[in-house]
Amino acid sequence: MKLLLFFPLLFFLFPYVLPKDAAKPYEDFLEQLNEMRSKYAKNDRIYEMYRLVYNSSLESLASKPSDTVESKRSFWISTFDDPKFFPKLDFDVEAFPKFGLDSNSHIVKLPIHPIPQKDNYENLEAMVPLQRQIGCTEAHQHAGIRCYLSPETTFDLWPRPYYGSTEKPGKDCKYPYVISDHLCTFVGVNTNFTSRLNNIRRKIAKSHKIMEMFEVKFDSEIASLANPKELTRHAIYEAEKQGFGFFKIPTYDIDEKEFAAEIKNFLKLSDTARKTDMEKSNGIKYGEFISPSATIFGCQWDESQKCFQCIIGPRHSPYPILKNPLKILGTDCPDGFKNDKGLCIQDEEHPKSILRIVNQARRAAAKVFEIGNMTELTWSKDLHLTVKNWDGKSSQEIQNIMDSEKYVKWRYDSPERATLQGKLSRFLIKWTQKSLPEKFSFFENGKDFHEMEYLNPDQTKIGCALFTESGAEKQQLACLIGPNGKFDDQKLVNRRKENEWPGSKCPAHLKSKNGLCVNIGDREEFLKNVNSFRKDHANSYNITDMHELIWNNELEKIAQSTSWTRSEAPSTKPYRFVILEDYHLSKERLKSEMAALKNLGSSKREILFKKIHGSSLGISELVEPLQKFIGCAAKDQEKADVLLCVIGPREILQPWRLENRGVRIPGTKSKYLPFIPGSNCSSGYSNSDGLCTPKNSSTLTLFGTQEEFIENLNIYRRQLAMEYNTNWMFELYHSKDLQSMLDVLDWDVPWPLARVSFRYLKFRSFNSAIDKLPGEFTELKKLSQKERRIQVYQTNTTAGYLELLEPQQHLIACKVKQSEKDRFENSKEFVVCLLGPMGEMEMWSLNEGFPFDRAAFCGDSSLFYQQSGMKQKFVGVDGLCTKTPESKVSYFGSRRWFLQQANLARKDRARRYATPDMMELIWDKELEESAKNLPYDSQKPPRLYNEGYRWMKLATYNWHLDWIKEQFFDHISFKDKNEVAKWIDKQKPTSMGILELFAKGQSKIGCAKRNTSAEMFILCLLGPKSEFNLIALEKEYVKGLPKKAGSRCPTGYQNDDGLCRRDQDMPPKKTKKRRTRTTTTSTSASSTTREAKKSEATPWNVFCILLLTSSILLIMNN
């Protein structure tokens, strides 16, 4: 397995370079001053001369009168760049007497005689060896700059060493100072660096919501590996194999804010840029500091590069993989670690903390020794209790137990927990540098192998405990590793076997996980535990719709095929996901996250859930009530093997209620009737002790059910209608007509009738549509009226999810379709819905607070039902136009209604053009049967010759008289006669469409529903004529002349107001009944009633009603 970080030997060849801020005026001066101090420290072998560092707090002293700060040493310079200062200082140091030899050749301090003038030698204050800090500013009351020094208050230069001394300059430097350029240089203390680094890691954990960010500690064992002399190519390679990375810092005394800012910038980089940054040979590798799994680091000073060389690890990934949106930091801390404000800190009192350390070392050993069956150790209560029972026993009693069981049931080690991880890591790195004889010798020199005991591939269990021997004061830690008492050293010494690599030889009941053979748990047991928690959670919080999770093979396949990068979450659309280490569910962690969710409050939860679209809520995803399916697969994500669980069918989380209050009792302020868990189960589920369990799981699919979808959709339509006072927002009803049409339509071919008599949309699943609809409506509201008209209502394709919100649609049918060439969200399966009866979308007002009653015009003012004349009745119910029980809705409509409207249109044209023999159309069964069987191809319409009938295609029967006349006007009346004649000649070999109703000589009609893969329609045949001849248009009726329409009806027919109608179909003639008036009062009342009725029927009243209605509609649309 390749590691992300490759640390080349260039690491040692390039000097460390710190990024510099804008230079300050004193920096060059201070650098030259330290260079001079370094020169004399080297030449005069000064054992303790310090590198001066600038301290801005001393500036305040330098600005005060000298007589107020006599205890401080200082000197004066004209400017920081005075070219005379350093040559004079160098001369004065050489000329100034210090120490000499007496008559006996002993070194003695020579008197300063004569004492030089202070003004001439004041600059020597800058060379006092024990001064460590300096601060300068403009001198008080005279020109120039005064610099004060600290901490020494006396003037004392250094002795000249005796000739022939071999002592090294700086030998008396003490930590936290190191010898650098012969000066004692301050580098800070590792505890300060550790504290600041952990503060930064805590902040990163919080900002990226990392649930398992560990505290890092300084480890002396790892620090020993950072010795620049031992950092060979081989050592670096082996350390990297074990998950350790390298970094350099100039000092432990880092600026925390600047350091955190650099790490923040690193996290903003792309994956490629991060990798480049991590592979650089120079500078700080910021990615190393924030690997969540790192727990130890160690550094040593490298004088050649003037910086610390450091090792940190072990890391599973060099920077955070995913963000978790819940601010519940540290909730992923393993056993033996406790959460300290977002960091996982080792619990010194918890023996299980060793388990993680040991398994990390075993994982590294599997790679070092190339072992195919290195098992992950699990905690053994028996071994733990064995050690725990030693408490209070004498050393002899303990020895007796060990003599009888050691090397038989288990092996033994007594580690120092604080350094165990460093010891194991250092041991493995050093082991790889041993020769084969040295390795054999290691096993021949004793029975107890200490660090190696933890790395025995044959062991599977470990148990540790603290105990105190009888009479002792200090506790001891001991670990027993089993179940094998023998140690097979051959696996750790011999070379790798053929066809074997870490994790390649795992037993059947274990899975390979990043080099170890691991028991990831049983998925059935996992599912059982998850549903047990969901049931308990539902009953604890009175959740009414908590559904049982069932395993889904399709989701498992999605998990198997999904990949992701370290900085990007998995893409599992349209489903959600959670990443788990294994199938071992932590109910305690789930409880803590639910408590944290509850503490957020309902409003903050809602905001949180909106923000995490596209990411994961972590383990809390397992508790979302409306999720019903789950499928998981083991993933090999480089060094971080995990289980990816995909959860459906919901794509967008719905904030569930955790307040557990119930429904408030009317008339009270704080009394509630509790919600009943399991009382709001989805279709196909039943309540089982608070959990909605499937009645028949084999019938359930990820797509959901159409019935539940329509129910939820109507709830949302009702919500919008009430919020925006939308008139004519109809309730949607399932249409058998649309369903039968959808059954035969092929998605991969064009649909000619789409956006004519129905509209359509497609989506991934019923649940995803409900989830996404509010967001789509929110985006619609952001558009202007013009933008909505162009982008949504007048589009030549589907309007997508917004199709579901067209107010006047009230018929719907949906079906799962398949298409290889037109996938939806990369799935060949998706849901298609047809909606009717409107073929066009109508813009509706989105202005809130409209003053009129909601749904006030259901039925009467519905454009569709006004014009169709159908007798369905709709009434307003909670904002939706809902049909009455006796009403029936139909997409195709009624053939009886169509026949009536067709004959009214024929009568109207007959009277308009004085047609003497326009026949009333009557239904013909033979033509109906012929319509059912006539060969029809949408691409090649039939051409009929001498068949005794003609044909026309209708989308539905819903043709109103006005719509039929409108077609006549558009194609005949308002066109040039010659153009009309040419058009008829061109069209009549096939069909004239609805204008077939105005052909001469036709008297019969028969229709049938037909379908192709592209459309379902009504095919009508008209007879007995097979030629199309339009009625004569020259002889228009002239008012005042005798009516000619219906004047030449054939025998057996009578003129019915311009239409020739069969004798048997003529209505009986009405006979007038004579009325008698009995009293004056009744006569007056009768007269009044007639006048009232007459008044009601006047055209003026009708006009006023229409005017009022139009005004209301105009106001609403604006």
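For the sequence shown, the residue numbers in mature numbering (1 follows the signal peptide of the UniProt record, and there is no 0) are -19 to -1, 1 to 1099. The beta carbon of each residue, even a glycine, is placed where N, CA and C say it ideally should be. Computed from a predicted model, the values in this text were never measured in an experiment.
- Where residue 994 and residue 797 are concerned, what is the direct C-alpha to C-alpha distance, given to the nearest angstrom? If you draw a straight line from the Cα of residue 994 to the Cα of residue 797, it is about 16 Å long.
- Rounded straight-line distance, which links the Cα of residue 1004 to that of residue 933: Their Cα atoms are separated by approximately 12 Å.
- Query: What's the gap between the Cα of residue 955 and the Cα of residue 945?
  - Reply: Here the C-alpha atom of residue 955 lies approximately 15 Å from the C-alpha atom of residue 945.
- How should residue 303 be labelled, buried or exposed, when 16 other C-beta atoms within 10 angstroms of its C-beta is the threshold for buried? In this prediction, residue 303 scores a pLDDT of 44, lower than 50, which makes its location untrustworthy; the coordinate-derived value is nonetheless stated afterwards. Residue 303 comes out buried.
- Query: Apart from the five residues on each side of it in sequence, which residues of its chain come closer than 8 Å, Cβ to Cβ, to residue 216?
  - Reply: Residues 206, 410, 414 of the same chain have their beta carbon placed closer than 8 Å to that of residue 216, with the five preceding and five following residues left out of the count.
- Item | Distance CB(residue 29)-CB(residue 110) smaller than 8 Å | Their beta carbons are under 8 Å apart, which means residue 29 touches residue 110 by this criterion.
- Assuming residue 1044 and residue 1033 make a contact with CB atoms under 8 Å, what is their CB distance in whole Å? Going by Cβ atoms, the distance from residue 1044 to residue 1033 rounds to 6 Å, so yes, they are a contact pair.
- Closest by C-alpha distance to residue 287, when choosing among 979, 160, 822, 982: Of the candidates 979, 160, 822, 982, the one whose C-alpha sits nearest the C-alpha of residue 287 is 160.
- What residues in its chain sit with their C-beta under 6 Å from that of residue 1014, if we drop five residues either side in the sequence? Cβ within range, chain order: 894.
- Query: With 16 as the cutoff for other CB atoms within 10 Å, does residue 481 come out buried or exposed?
  - Reply: The residue in question, residue 481, is exposed, as its Cβ has fewer than 16 Cβ neighbours within 10 Å.
- Task: Might you give, ordered along the chain, the residues of its own chain that have their beta carbon closer than 6 Å to the beta carbon of residue 345, omitting 5 neighbours on each side?
- Result: Cβ within range, chain order: 223, 409.
- Query: Is there contact between the stretch 265 to 280 and the stretch 182 to 191, where contact requires at least three CB pairs shorter than 8 Å?
  - Reply: Short answer: they touch.
- Per-residue DSSP class, three states only, for residue 810: Residue 810 sits in a strand when the DSSP states are folded into three classes.
- Please classify residue 244: does DSSP put it in a helix, a strand, or coil? In the structure shown, residue 244 sits in a helix (DSSP, three-state: H, G or I).
- When the distance is taken between beta carbons, is residue 990 closer than 8 Å to residue 999? It is a contact, given that the beta carbons lie within the stated cut-off.
- Query: Helix, strand or coil: how does DSSP classify residue 359 here?
  - Reply: Strand at residue 359.
- Using the DSSP secondary-structure output, state which residues sit across from residue 273 in a beta bridge. According to DSSP, which records beta bridges pairwise, residue 273 is partnered with nothing at all.
- Message: Under DSSP, the beta strand (DSSP E) around residue 446 begins and ends at which residues?
- Response: Per DSSP, the unbroken beta strand (DSSP E) holding residue 446 starts and ends at 442 to 448.
- Message: If the criterion is Cβ atoms closer than 8 Å, does the pair residue 487 and residue 354 meet it?
- Response: Taking 8 Å as the Cβ cut-off, residue 487 and residue 354 qualify as a contacting pair.
- Message: Looking only at its chain, what residues have a beta carbon closer than 6 Å to the beta carbon of residue 129, apart from the 5 residues adjacent to it on each side?
- Response: So the list reads 39, 42, 43, 53, 55, 116, once near-sequence residues are dropped.
- Query: So what's residue 38 in DSSP terms, helix, strand or just coil?
  - Reply: DSSP places residue 38 in helix when its eight states are reduced to three.
- Helix, strand or coil: how does DSSP classify residue 1147 here? Residue 1147 lies beyond the stretch modelled for the chain, which goes from -19 to 1099, so this question has no answer here.
- Item | Test item: CB-CB of residue 200 and residue 277 under 8 Å | Between residue 200 and residue 277, the CB-CB gap stays under 8 Å.
- Would you report the Cα separation of residue 543 and residue 328, rounded to the nearest angstrom? Approximately 37 Å between the Cα atoms of the pair.
- Item | Span separating the alpha-carbon of residue 105 from that of residue 164 | Cα to Cα, the separation comes out at about 17 Å.
- Query: Three or more beta-carbon pairs under 8 Å between the stretch 628 to 635 and the stretch 565 to 572, yes or no?
  - Reply: No: fewer than three Cβ pairs fall under 8 Å.
- Message: Quick check on residue 629: does DSSP put it in helix, strand or coil?
- Response: If DSSP states are grouped into helix, strand and coil, residue 629 belongs with the strands.
- Task: Counting only runs of 4+ residues fully inside the stretch 542 to 587, write out the alpha helix (DSSP H) ranges in chain order.
- Result: The qualifying runs are 568 to 581.
- Item | Contacts around residue 928, its chain only, beta-carbon distance under 7 Å, and the 5 residues preceding and following it disregarded | Closer than 7 Å at the Cβ level, and outside the excluded window around residue 928, lie 1007.
- Query: Taking the continuous alpha helix (DSSP H) assigned at residue 878, which residues delimit it?
  - Reply: Judged by DSSP secondary structure, residue 878 falls within the alpha helix (DSSP H) whose first and last residues are 876 to 893.
- Message: Given a cut-off of 8 Å on the beta-carbon distance, is the pair residue 463 and residue 537 in contact?
- Response: Taking 8 Å as the cut-off, the Cβ atoms of residue 463 and residue 537 do not count as close.
- What's the call for residue 494, buried or exposed, on a 16-neighbour Cβ count within 10 Å? Burial of residue 494 is indicated by the presence of at least 16 other C-beta atoms within 10 angstroms of its C-beta.
- So, is residue 996 buried or exposed, given that buried needs 16 or more other C-beta atoms within 10 angstroms? Residue 996 should be labelled buried.
- The beta strand (DSSP E) enclosing residue 787, as first and last residue numbers: In this chain, residue 787 is not harboured by any beta strand (DSSP E), its DSSP state being neither H nor E.
- Taking Cβ positions, are residue 334 and residue 443 nearer each other than 8 Å? No, the Cβ-Cβ distance between residue 334 and residue 443 is not below 8 Å.
- Item | Three-state class that DSSP yields for residue 930 in the structure shown | Collapsing the DSSP output to three states places residue 930 in coil.
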